[in-house]
Amino acid sequence: MLANIGVPGMILILVLAVIVFGPNKLPEVGRAVGKGLREFKDGMRDVVSEHENDK
2 MLANIGVPGM
12 ILILVLAVIV
22 FGPNKLPEVG
32 RAVGKGLREF
42 KDGMRDVVSE
52 HENDK
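Counting in this note's numbering, the sequence shown runs from 2 upward without gaps.
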């Protein structure tokens, strides 16, 4: 899964995101990333389900 980056790493990522995207765009970017991750998760669930049904 993901590497254990800890609290200082998360703070650094958040500060960089605010600098790059600005505080007004950050919620929009967060929603887009969340939606993308949700679609990826659903797609992987479908692939695993099809694989299980083939057995």
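We treat Cβ as the ideally placed atom computed from N, Cα and C, and that holds for glycine.
Problem set entry | Contact under 7 Å by Cβ, VAL30 with PHE41 | In the sequence shown, residue 30 corresponds to position 29, counting from 1. In the sequence shown, residue 41 corresponds to position 40, counting from 1. In this structure, PHE41 does not lie closer than 7 Å to VAL30 by Cβ.
- Message: Going by DSSP, what residue range makes up the alpha helix (DSSP H) through LEU37?
- Response: The residue given as residue 37 occupies position 36 in the sequence shown. Per the sequence presented here, residue 37 reads as Gly, with Leu not at that position. Residues 27-55.
Item to check | Reduced DSSP category for GLY23 - H, G, I as helix; E, B as strand; rest coil | outcome: Here residue 23 refers to the residue found at position 22 of the sequence shown. In the structure shown, GLY23 sits in coil (DSSP, three-state: anything other than H, G, I, E or B).
- Message: Is VAL48 close to the ligand ADP? I mean its beta-carbon at under 6 Å from any heavy atom of the ligand.
- Response: The ligand ADP is absent from the structure shown, which contains no ligand whatsoever.
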